[in-house]
Amino acid sequence: MVGARPVRPVRVAAIDCGTNSLRLLVADVDPAAGRLTDVDRRMEIVRLGQGVDSTGRLAPEALERTLEALRGYARIIGDRSAVAVRMVATSATRDAANAADFVHGVSGVLGLEPEVLSGEEEAYLSFVGATAEFGGGTARPGGGPYLVVDIGGGSTEFVVGEGQAPAERAPAALIAGAAGPAGVSAVSVDIGCVRLTERHLHSDPPRPAEISAAAADIDAALDAVARALPVTAARTLVGLAGSVTTVAGLALGLGEYDSARIHHARISAGQVAVQTRRLLSQTREERAALGVMHPGRVDVIGGGAMVLDQIMRRFGFGEVLASEHDILDGIAWSLAAGVRR
Numbered sequence: 549m550v551g552a553r554p555v556r557p558v559r560v561a562a563i564d565c566g567t568n569s570l571r572l573l574v575a576d577v578d579p580a581a582g583r584l585t586d587v588d589r590r591m592e593i594v595r596l597g598q599g600v601d602s603t604g605r606l607a608p609e610a611l612e613r614t615l616e617a618l619r620g621y622a623r624i625i626g627d628r629s630a631v632a633v634r635m636v637a638t639s640a641t642r643d644a645a646n647a648a649d650f651v652h653g654v655s656g657v658l659g660l661e662p663e664v665l666s667g668e669e670e671a672y673l674s675f676v677g678a679t680a681e682f683g684g685g686t687a688r689p690g691g692g693p694y695l696v697v698d699i700g701g702g703s704t705e706f707v708v709g710e711g712q713a714p715a716e717r718a719p720a721a722l723i724a725g726a727a728g729p730a731g732v733s734a735v736s737v738d739i740g741c742v743r744l745t746e747r748h749l750h751s752d753p754p755r756p757a758e759i760s761a762a763a764a765d766i767d768a769a770l771d772a773v774a775r776a777l778p779v780t781a782a783r784t785l786v787g788l789a790g791s792v793t794t795v796a797g798l799a800l801g802l803g804e805y806d807s808a809r810i811h812h813a814r815i816s817a818g819q820v821a822v823q824t825r826r827l828l829s830q831t832r833e834e835r836a837a838l839g840v841m842h843p844g845r846v847d848v849i850g851g852g853a854m855v856l857d858q859i860m861r862r863f864g865f866g867e868v869l870a871s872e873h874d875i876l877d878g879i880a881w882s883l884a885a886g887v888r889r
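Using my numbering, read the sequence shown as starting at 549 and increasing by one per residue.
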């Protein structure tokens with residue numbers, strides 16, 4: 549339109565607090581161009597969900613670790629001059645009887661309350677973050693429909709849907725309505741790397757009986773996924789979060805973690821199976837010595853790798869497309885659009 553003012557990128561800050569990690573993304577988002585540019589992306593392993601599966605409460609020490617890391621994030625947000633901030637909390641907070649203590653603590657640090665997402669809301673934002681950059685037609689990595697899987701600490705989210713063509717990538721179109729984006733189906737199940745480890749994988753390395761018990765939990769959850777979603781309609785599996793990217797880094801033979809090489813790397817089902825067996829057979833000390841391994845994932849990576857491995861075998865995916873873009877990016881898109889689900 550003649551005389552219309554150009555839409556400029558907006559600088560936003562997205563915070564995701566999961567069962568295992570606390571992550572920050574400060575980004576410049578240009579809705580008109582469908583482009584998100586990182587300004588600052590950080591992660592701290594705070595293990596907020598420590599013991600929640602057995603006690604039903606957030607441990608005081610876990611809450612304090614999380615708030616201390618959040619204080620550092622608040623300083624970064626101020627220094628980077630973000631104009632809008634959104635913090636979401638996921639599985640551990642959904643499950644905790646004392647979630648109000650967490651909300652009160654966050655409000656004191658950030659001046660705003662965290663949004664405790666349902667599993668479905670979490671899944672939709674992850675889908676947006678993973679697929680918003682996919683172009684139309686042949687530019688789509690692997691081609692849709694996509695099964696986007698976000699393997700967290702306490703839960704795993706599954707979303708089936710088409711990626712958006714460039715003209716459709718505006719966040720308002722991606723995150724519209726209480727039911728989520730049109731043509732997208734989602735479900736969240738209570739399997740995650742921390743939950744599985746705390747329930748079953750106690751030995752160093754885990755014993756066969758422990759691995760079998762964890763596998764049974766995963767299989768039962770995947771039964772529920774198969775009933776809820778048209779998983780067989782998906783052509784491409786997109787894997788999100790640290791369990792997936794760590795397995796991808798190991799499969800690529802990286803000496804240290806390299807997000808640029810991991811992002812959109814294609815890892816075969818055979819490679820995932822090999823790395824899963826490797827991680828489950830190693831001691832904690834051996835896993836800690838792996839160059840791509842974040843110290844905070846050493847004790848839970850076996851459970852996360854198992855989830856990915858069993859998803860691929862159960863649903864017949866020959867490879868997984870590893871993505872460094874996930875719920876954080878989805879939160880940033882929602883802020884730029886002024887859409888709050």
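Even for Gly, the Cβ is constructed at its ideal location relative to N, Cα and C.
Predicted model only: the values in this text are computed from it and were never measured.
Cβ-Cβ distance between residue i and residue j below 9 Å
i: Arg755; j: Asp601; result: no
i: Ala680; j: His873; result: yes
i: Val657; j: Ala607; result: no
i: Leu777; j: Ala734; result: yes
i: Val587; j: Arg559; result: yes
i: Gly604; j: Ala644; result: yes
i: His842; j: Met591; result: yes
i: Thr614; j: Val636; result: no
i: Ala870; j: Arg835; result: no
i: Arg845; j: Gly801; result: no
i: Ile739; j: Ala769; result: yes
i: Ser666; j: Leu788; result: no
i: Val786; j: Val779; result: no
i: Ile625; j: Val855; result: no
i: Cys741; j: Gly701; result: yes
For residue i, three-class secondary structure by DSSP
i: Ile593; result: strand
i: Met860; result: helix
i: Leu584; result: strand
i: Thr686; result: In this predicted model, Thr686 has a pLDDT of only 39, less than 50, meaning its place in the structure is not dependable; the value taken from the coordinates is given anyway. Of the three classes helix, strand and coil, the one that applies to Thr686 here is helix, per DSSP.
i: Gly787; result: strand
i: Ala726; result: With a pLDDT of 38 at Ala726, under the threshold of 50, the modelled position of that residue is not reliable, and the figure given next carries that caveat. Of the three classes helix, strand and coil, the one that applies to Ala726 here is coil, per DSSP.
i: Asp578; result: strand
i: Met854; result: helix
i: Asp877; result: helix
i: Ser499; result: The shown model of the chain, from 549 to 889, leaves out residue 499, and the question about it has no answer.
i: Glu609; result: helix
i: Arg559; result: strand
i: Val846; result: coil
i: Ser751; result: coil
i: Val664; result: strand
i: Val822; result: helix
i: Val636; result: strand
i: Leu573; result: strand
i: Asp601; result: helix
Expected contact under 8 Å - CB spacing of residue i and residue j to nearest Å
i: Glu670; j: Thr704; result: Going by Cβ atoms, the distance from Glu670 to Thr704 rounds to 10 Å, so no, they are not a contact pair.
i: Val707; j: Val732; result: 6 Å
i: Asp877; j: Gly691; result: In fact, because the Cβ distance is near 21 Å, the residues do not count as touching under 8 Å.
i: Leu573; j: Ala880; result: 6 Å
i: Gln823; j: Ala808; result: Contact flag wrong, Cβ pair sits at about 20 Å.
i: Ile937; j: Thr794; result: With the chain running from 549 to 889 in the structure shown, residue 937 is simply not present.
Terminal residues of the beta strand (DSSP E) in which residue i lies
i: Phe706; result: Thr704 to Gly709
i: Ser816; result: Arg814 to Ser816
i: Ser871; result: Glu867 to Ser871
i: Ile699; result: Tyr694 to Ile699
i: Ser733; result: Ser733 to Val737
Residue i, enclosing alpha helix (DSSP H) - first and last residue
i: Ala757; result: Pro756 to Ala776
i: Ala648; result: Ala647 to Leu658
i: Ala945; result: The structure shown does not extend to residue 945, since the chain spans only 549 to 889, so no value can be given for it.
i: Ile779; result: At residue 779 the sequence reads Val, which differs from the Ile that was named. Neither: Val779 is in no alpha helix (DSSP H) and is coded neither H nor E.
Residue i: CB within 8 Å of a non-hydrogen atom of the ligand ATP
i: Asp698; result: Looking at this structure, you won't find the ligand ATP or any other ligand, since it has none at all.
Problem - the stretch 861-871 contacting the stretch 830-839, beta-carbon criterion three pairs below 8 Å - result: no
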